[in-house]
Structure formats: C-alpha cells, structure tokens
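Student: Got a structure for you, questions after.
Numbering (the numbering used here), first residue to last: 1104 to 1428.
Okay, here's the thing in structure tokens:
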C-alpha cells in the first residue's frame, strides 16, 4: 500500500495463460481498474515495495541476473510505459530485498559464485552493496569451479542464455563430458549465483570433471511475458531444440565432447530429461529423471495442480486434443 494509502501495488499475470505473476500493477484502494505499469518489459518482476506515493521499488530477474529498480507510477516514456531506473545490478544474486523508508537503506540477502546467501546492506543512493555477515568461513578454503553466463541462438535465431560452469581443473583445448541441469517450471529461471544444492549439485559435478550447463530455454522466466509464453502449445518442441542448440554451441567452442552428454532435472526438468532419454537417445548417454512428469493426461487427473499444463501451457484440456498430449 502506498504511503498515502491511496494505491495498492501488486504482481500479477497479464492473462489467464501467463505462467508467472511477473508484471507490476497498481489499483486505487477506493476501487477501480488495475493499471499495468510494465507491459513488454524484458524481465520478470518478483517483488515490489513503495518508496514514496509515486515510486515503486522493484526486484526482478533479468536474464540470469537480479536487478533492483524504481518504477515511476506517474511518469511515462514516449512509448506510454512507466519510467524505470536501475538502482542495483550487482554481480551477486539478490535473494531478498527489504526497504527501510525512514533511512532509505536496503537490507539484502544475496549469493555469489563462491558463497551461498549472506546478509548485505545498501541504499537507494548507491549502486554498491556491503556484505555484513561471514558465515561458513571454511568455504573460503574450498576451490570452486569457474562459472559465467553464456548465450547462443536457438534454431530459429532466438537468443537463449544459460549458466555455464567449467570443470574445476579445466584446460583450454580439451573437450569434457557435459551434464545439463534443467530447471523446472518450465517458467523457472537459472540464475548466475550460488548454484549448488542437493537437487542440482553443480559444483560437485564440476569437481568430478564435468562441464555443467543450466539453460534458460524459451518458456523460462527472466525475459518477460512473451519469452515465458514462447513454448505454449509446443512443450518439448522448440524449447528442447534450444537446449540441443546449447550443446552444439559448446561443442563448436571446443569445450564439450559431443559423445559424452548427460542430463538431469526435477519436475519439468525431469520431463525434459525423460524426453532426452526417449526421443533423443542419439544425443544423450545418460539421463536422470527426478519428480518428473511423463504422462500429461495422468498429470492432469492425479496431481494437485491439474490446471498447470492444460490451462497455462497447452492452452487447452487434454480431452480436447488427446493426440497432442
């Protein structure tokens, strides 16, 4: 709620078939039509707060990075959309951002390539953040593999991004086995921060000599509404071709051995991995399917999210087109 108690800011979907509540709206508290502030923005907003009566503080996923920006609810660009000004775009990945209005200070949790979440502070008047805590100091003694954001073109020329982690003892000119780590959703987003956890052991794989790629294929969050809906009516189609193009890119770069490629993922990432193990057996030597879906019809009838695929991603119920499913 705005400081003058006149308006409510919230995150919402742009349509019934939008896979994410990733757009910023305002609506008068006395009633009225909701106003979409961020049409066609190439990012996914994940949190909002008020700075003053006319300014919203927003956190977003922008590609594989996180950004804090201000949105002017009154001012408009020549194209008729709200003015946006970036406040923070650090190398760290911002997990949470809280704003203290009286002081203008920000309290932040953020991770980096080399460390899980720590507590940071910042302010609206500075582009820098200051680390306040140093938990798990033994992490400083562990060698970790290099990672970075890369991009390549899908088969139709669409730019695709992903997070690439090199083997711990990588040597340029040598080809390595590749493991894909596919996020779920499909509207999830792989971010370029601390990327190792029990379900996606990226650094452990890198320590064993694997290249690891976490692709943000079409349908992922982080690039706006149109990108997150680009796989609709085509699950396992062009979105999977984006991943195959990513493999081809790494092979062309001389990093990956095309004959030693495996994949793994959870939920929709498990669906991808099942697809790899069946339709694309010529491309993959191993596949790990975890909590995946392998039957769209039974998924609709037996899970607690029956609308997920049919309404959001296929835009139709399975019984309207059983051949497709």
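Glycine included, C-beta positions come from ideal geometry on N, C-alpha and C.
1. For the alpha helix (DSSP H) that residue 1302 lies in, which residues bound it at each end?
2. Beta-carbon within less than 6 Å of residue 1374's beta-carbon, same chain only, minus the 5 sequence neighbours each way: which residues are those?
3. Within this structure, are the beta carbons of residue 1332 and residue 1142 separated by less than 8 Å?
4. Considering Cα atoms alone, identify which of 1237, 1220, 1155 and 1154 is closest to residue 1195.
5. Suppose contacts are defined by Cβ-Cβ distances below 8 Å. Is residue 1267 in contact with residue 1306 by that definition?
6. Where does the unbroken alpha helix (DSSP H) through residue 1331 begin, and where does it stop?
7. Starting from residue 1346, follow the alpha helix (DSSP H) in both directions and report where the run begins and ends.
8. Taking one C-beta from the segment 1288-1297 and one from the segment 1318-1330 each time, how about it: are there three or more such pairs within less than 8 Å?
9. DSSP three-state call for residue 1138: helix, strand or coil?
10. Please report the straight-line C-alpha distance between residue 1262 and residue 1107, rounded to a whole angstrom.
11. Buried or exposed for residue 1119, going by 16 or more other Cβ atoms inside 10 Å?
12. Taking the alpha-carbon of residue 1367 as reference, which of 1392, 1202 and 1229 has the nearest alpha-carbon?
13. Leaving aside the five residues before and after residue 1070 along the sequence, list all residues of the same chain whose C-beta is less than 7 Å from its C-beta, in chain order.
14. DSSP state of residue 1370, grouped into three classes?
15. Need the endpoints of the alpha helix (DSSP H) that residue 1400 sits in, please.
16. State the Cα-Cα distance for the pair residue 1147 and residue 1330, rounded to the nearest angstrom.
17. Quick check: what's the CA-CA separation for residue 1114 versus residue 1139?
18. According to DSSP, simplified to helix, strand and coil, what is residue 1417?
19. Output needed for residue 1149: all residues of its chain with C-beta closer than 7 Å, excluding positions within five of it in sequence on either side, in chain order.
20. Can you say whether residue 1223 is buried or exposed, counting buried as having 16 or more other CB atoms within 10 angstroms of its CB?
21. If you reduce the DSSP assignment to three classes, tell me which class residue 1152 lands in.
22. Going by beta carbon distance, what residues of the same chain come within less than 7 Å of residue 1230, once the five residues before and after it are set aside?
23. Tell me the rounded alpha-carbon separation between residue 1345 and residue 1256.
24. Bridge partners for residue 1203 per DSSP, in chain order?
25. In the DSSP assignment, find the beta strand (DSSP E) that holds residue 1162 and state where it starts and stops.
26. Using CA atoms only, rank isn't needed, just tell me which of 1225, 1239 and 1187 is closest to residue 1193.
27. Hey, out of 1238, 1416, 1187 and 1411, whose CA is closest to residue 1171's CA?
28. Go to residue 1144, then tell me how far its beta strand (DSSP E) extends in each direction, as first and last residue.
29. From this set, 1297, 1176, 1398 and 1168, which residue's C-alpha is nearest residue 1109's C-alpha?
30. By DSSP, does residue 1317 sit in helix, in strand, or in coil?
31. From which residue to which residue does the beta strand (DSSP E) around residue 1283 run?
32. Just grab the DSSP bridge partners of residue 1169 for me.
33. According to the neighbour-count rule (16 or more other Cβ atoms, all chains shown, within 10 Å of its Cβ), is residue 1298 buried or exposed?
Tutor: This is what the structure gives:
1. Residue 1302 -> no alpha helix (DSSP H), and no H or E assigned at all.
2. Same-chain partners within the cutoff: 1395 and 1396.
3. Result no, Cβ atoms of residue 1332 and residue 1142 do not sit closer than 8 Å.
4. The closest CA to that of residue 1195, considering only 1237, 1220, 1155 and 1154, is found on 1220.
5. With respect to the 8 Å criterion, residue 1267 and residue 1306 are not classified as neighbours on the basis of their beta carbons.
6. It spans 1328-1331 - the alpha helix (DSSP H) in which residue 1331 sits, taken as one unbroken run.
7. Annotation for residue 1346: the continuous alpha helix (DSSP H) segment containing it runs 1341-1355.
8. In short, these stretches touch, since the Cβ pair count reaches three.
9. Residue state, collapsed to three classes: strand.
10. Spanning the two alpha carbons is a distance of roughly 43 Å.
11. By the neighbour-count rule (16 or more Cβ atoms within 10 Å), residue 1119 is not buried but exposed.
12. Sorting 1392, 1202 and 1229 by C-alpha distance to the C-alpha of residue 1367 places 1392 at the top.
13. Outside the displayed span of the chain (1104 to 1428) sits residue 1070, for which this structure offers no information.
14. In this structure, residue 1370 counts as coil in the three-state DSSP scheme.
15. Note, residue 1400: alpha helix (DSSP H), 1399-1405.
16. Going by C-alpha positions, residue 1147 is about 10 Å away from residue 1330.
17. Near 10 Å, if we compare the C-alpha coordinates of residue 1139 and residue 1114.
18. Taken through DSSP and simplified to helix, strand or coil, residue 1417 comes out as coil.
19. These residues qualify, in order along the chain: 1162, 1163 and 1164.
20. Result: buried.
21. In the structure shown, residue 1152 sits in a strand (DSSP, three-state: E or B).
22. Answer for residue 1230: 1191, listed in chain order.
23. Roughly 8 Å between the two C-alpha positions.
24. Beta-bridge pairing links residue 1203 to 1208.
25. Per DSSP, residue 1162 belongs to the beta strand (DSSP E) from 1158-1165.
26. For the residues 1225, 1239 and 1187, the minimum Cα distance to residue 1193 belongs to 1225.
27. Closest option to residue 1171, Cα to Cα, is 1187.
28. Unbroken run through residue 1144: none, as it is neither H nor E.
29. Among 1297, 1176, 1398 and 1168, the Cα nearest to that of residue 1109 belongs to 1176.
30. DSSP places residue 1317 in strand when its eight states are reduced to three.
31. Start and end: 1279-1285.
32. BP columns for residue 1169 point to 1164.
33. Looking at its Cβ environment, which holds 16 or more other Cβ atoms inside 10 Å, residue 1298 is buried.
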